[in-house]
Amino acid sequence: MFELLGAGIVGMLHVKYMVPLFIGSLIGVVGGALPGITITMTVIVVLPFTFGLEPLQGLACMIGVYVGGETGGLITSCLLGIPGKPSAVATTFDGYPMASKGEPGRALWLGIWASILGGLLGAVVLVAATGPLAQLALEFGPWEYFSLFILALSMVAGLVESSLVKGLLSGALGCVVTILGNDPVMGQPRLTLGIEWLEGGVPFLPVLIGVFAFAQIMGEIEKSAKDSPEVLTQAVNLRVSHVKVLWEILSRPFLLLWASFIGLVIGVLPAIGGSAANMLAYDQAKKFSKHPEKFGTGVPEGIIASESSNNANVAGSLVTIMAFGIPGDAVTAVMLGALTIHGIQSGPLFISQNPVLAYGMFAAYILAHPLVLIMLFVGVRWVMKIVIVPKSILYPVVLVLCVVGAYALGNSMATVYVLLISGVLGYLMVKFGYPLAPFILGVILGDQIEINLVRSIMTDANPWLFLTRPISGVLLAASVASIAAALWQHRRMQRKLAADADGDADF
Amino acid sequence: MPIGPGYYPRIVLAITALLAAGVVAADFFSRKEQPKPRQLNYGMVAAMFGVFGVYCGALPFLGFRIATLLYIAATNTMLDMPKGAKGWARVAAVSIITTVVVYYVFERYLTVLLPRGRWTDF
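Chains as they are written, first to last, in this note's numbering: chain A, 752 to 1258; chain G, 693 to 814.
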């Protein structure tokens, strides 16, 4: 394993891969720092540029975006108090107060170093766990796969903040998209509505691009689009002793490890993503702290917890996508699409069939961290200048790149129309409180669910096998448990909300 | 139920229908009144979707370069109404630079062929 990893790193150091990795990381840092542009959107924008590249070049670029984005988000969180992306929300709680109290350099670099350390801790698990997990998944029959996908869907549906039924319905609607056009088992056209083009089924990338890009951009536009973030008028002094900052982090090893661990676990769980990771890690840091009342006033623990967890989360997401072929969040879903375009089969066979590619991805992930660190050493200041690009320029450019990406997927306008329809759908879903993550996961997993369901029933008509085969039974039980837990959580939250409302009549 | 192309769609659609009924029921029985909606700029959202739809529709006829130029100019104008000559210069600069850069990067370096116009042949 270490030989392969070493070879992967040496291979990655070639200019051919370092250039896309560098460009990806740079775009990621900027995209992450821009408020209103999420990492998902950044990776969507980068996607069409990777079509013409080798698979590993494209993946290196996307991994760069991912790592750079998670780190870049903290710049705006600390210095402007506006989260550059959802997974940096908790960073603003302590990062901004610390920066306003005259220590912007300390806040910023605490975040950056915590990000890098958390990310590299995640790398250890990524490299060590992905292979064995994939090995485990190789033992799976269609029953187990089916149950695994059901578990993934029910977990994602249960973890949304709004209603559980809406989350589940959203996931089911995603599966409905996949039944259109093509029967993946028999290859027979169905529900094509007479549209010849639909016989191949609906491709998931334009759906994903449309849903996420439009939901995000239109969501910003409806709030009035003219405002760009307040610029710090006076030059901020970002000078700080790095030894001191590093010591501040390393003298709290338990915090760093625990926050990274939370990030990792949340990353491994499908489609939950960094925004949950950083809030949970922040909450945990507060619970374990000796002075929880000081949280929110600019304590280093808050920044460390939030930032180390959201970078470790990236490693966790990569574990899931590489071991099982299930995207851990929207960014890895785009990566999955990129793999599919290059004809690479994702799933548990991925690592054993494409060891060079897999270890290249590990290497890209590891090398992205020092790259981002160097980049920020040189140019944090410039990032702050780019952040003020007005949205009236950004949004049209992003949407044009979405169109290019969709068009290039099939060299046809049909995929662009899919993009348009998905865009309207995505915006409406968000407006009516339907979460997007389960929908996208449904679109991605729908065909696989069908294939494994049909295959298992064709092998043995006994439906009880889903429950009596031990791994499959455990997975299904876990999915029931996750829905029950979600119900319980919602109950509790609603009771809390009701109690709050009683106490505060104005609200 | 026989296994065939209709097997899985039936299951999925049945589950979807059940869940949809669940949403209706949940809505019906929930006692909380709707909070007052925030004043949001839905007109702009509709207009943006409209312009984007026109852009998608016009692409095969006008070609990527012309359609994109017009689309970016239109959205940039809508999102930030230009004031005076300087504002219009900004709109022109943004739309021309974006179109040219995107076109060259994709066509020349990334071998992605962008749509040509059926009417304009450009």
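Even for Gly, the Cβ is constructed at its ideal location relative to N, Cα and C.
It is roughly 45 Å from the alpha-carbon of Gly-1197 (chain A) to the alpha-carbon of Pro-848 (chain A).
When only Cα atoms are considered, Ile-1072 (chain A) and Trp-1133 (chain A) end up about 34 Å apart.
As the crow flies, the alpha-carbon of Arg-808 (chain G) is around 30 Å from that of Pro-774 (chain G). Exclusion of the five residues before and after Arg-782 (chain G) leaves Pro-774 as the residues of its chain whose Cβ lies within less than 7 Å of its Cβ. The Cβ of Asp-772 (chain G) sits closer than 8 Å to at least one Cβ of chain A. Linking Phe-1113 (chain A) to Gly-1014 (chain A) through their CA atoms gives a straight-line distance of about 18 Å.
Not flagged as an interface residue toward chain A: Gly-755 (chain G), since no C-beta distance is shorter than 8 Å. With the criterion set as a beta carbon lying under 7 Å from some beta carbon of chain A, the members of the region 727-746 of chain G are Leu-732, Asn-733, Tyr-734, Met-736, Val-737, Met-740, Phe-741, Phe-744, Gly-745, in sequence order. Pro-752 (chain G) reaches chain A at Met-1164, counting residues in chain order whose Cβ is nearer than 8 Å.
Taking 8 Å as the Cβ-Cβ cut-off, the region 1141-1167 of chain A approaches chain G at Pro-1141, Lys-1142, Ser-1143, Ile-1144, Tyr-1146, Pro-1147, Val-1148, Leu-1150, Val-1151, Leu-1152, Val-1154, Val-1155, Tyr-1158, Ala-1159, Asn-1162, Met-1164, Val-1167, given in chain order. In the three-state scheme derived from DSSP, where H, G and I count as helix and E and B as strand, Arg-810 (chain G) is classed as coil.
For Val-927 (chain A), the chain G residues whose C-beta falls within less than 9 Å of its own C-beta are Pro-701, Val-704, Leu-705, Thr-708, listed in chain order. Residue contact with chain A for Val-715 (chain G): present (Cβ-Cβ distance below 8 Å to some residue of chain A).
Contacts with chain G at 8 Å (Cβ-Cβ) include Ala-923 (chain A).
The beta carbon of Pro-1121 (chain A) does not come within 8 Å of any beta carbon belonging to chain G, so the residue lies off that interface. Contact check between the region 764-781 of chain A and the region 789-799 of chain A: three or more CB pairs, one atom from each, fall below 8 Å, which counts as touching.
Using a Cβ-Cβ cut-off of 8 Å, Phe-721 (chain G) does not count as an interface residue toward chain A, since no Cβ of chain A sits closer than that to its own.
When CB distances to chain G are screened at a threshold of 8 Å, not a single residue of the region 771-792 of chain A falls below it. Interface with chain G (8 Å Cβ-Cβ cutoff): Lys-917 (chain A) is included. Rounded to whole angstroms, Ile-703 (chain G) and Ser-1143 (chain A) show a C-alpha spacing of 45 Å. Excluding sequence positions up to five before and after Thr-1166 (chain A), its CB lies within less than 7 Å of the CB of Pro-954, Pro-957, Ala-1157, Tyr-1158, Leu-1160, all in the same chain and listed in chain order. With respect to the C-alpha of Gly-832 (chain A), the residue from A:Lys-1136, A:Leu-904, A:Pro-786 having the closest C-alpha is A:Pro-786. Straight-line spacing of the CA atoms in Glu-1044 (chain A) and Leu-1204 (chain A) works out to 52 Å.
Burial is judged here by how many other beta carbons sit within 10 angstroms of a residue's own beta carbon; Asn-1029 (chain A) has at least 16 and is buried. By the beta-carbon neighbour count (other beta carbons within 10 angstroms, threshold 16), Pro-1186 (chain A) is buried.
DSSP places Asn-933 (chain A) in the strand class (E or B) of the three-state scheme. If only complete runs of 4 or more residues are kept, the region 913-975 of chain A shows the alpha helix (DSSP H) at 915-930, 955-972, in order along the chain. Taking a C-beta cut-off of 7 Å against chain G, the contacting residues of the region 1194-1215 of chain A are Glu-1201, Leu-1204, Val-1205, Ile-1208, Met-1209, listed in chain order.
Not one beta carbon of chain A lies nearer than 8 Å to the beta carbon of Val-792 (chain G).
Considering only beta carbons, the part of the region 795-808 of chain G lying closer than 9 Å to chain A consists of Val-797, Phe-798, Tyr-801, Leu-802, Thr-803, Val-804, Leu-805, Leu-806, Pro-807, in chain order. With fewer than three CB-CB distances shorter than 8 Å, the region 1052-1059 of chain A does not count as touching the region 921-931 of chain A.
The beta carbon of Leu-805 (chain G) is closer than 7 Å to those of Glu-799 in its chain, skipping five residues each way along the sequence.
Where Gly-787 (chain A) is concerned, there is no enclosing alpha helix (DSSP H), because DSSP gives it neither an H nor an E. Chain-ordered, the chain G residues with CB closer than 8 Å to the CB of Leu-1171 (chain A) read Phe-744, Gly-745, Cys-748. Within chain G, the residues whose beta carbon sits less than 7 Å from that of Phe-800 (chain A) are Leu-802, listed in sequence order.
Only those residues of the region 1212-1237 of chain A whose C-beta falls short of 7 Å from the nearest C-beta of chain G would be listed, and there are none.
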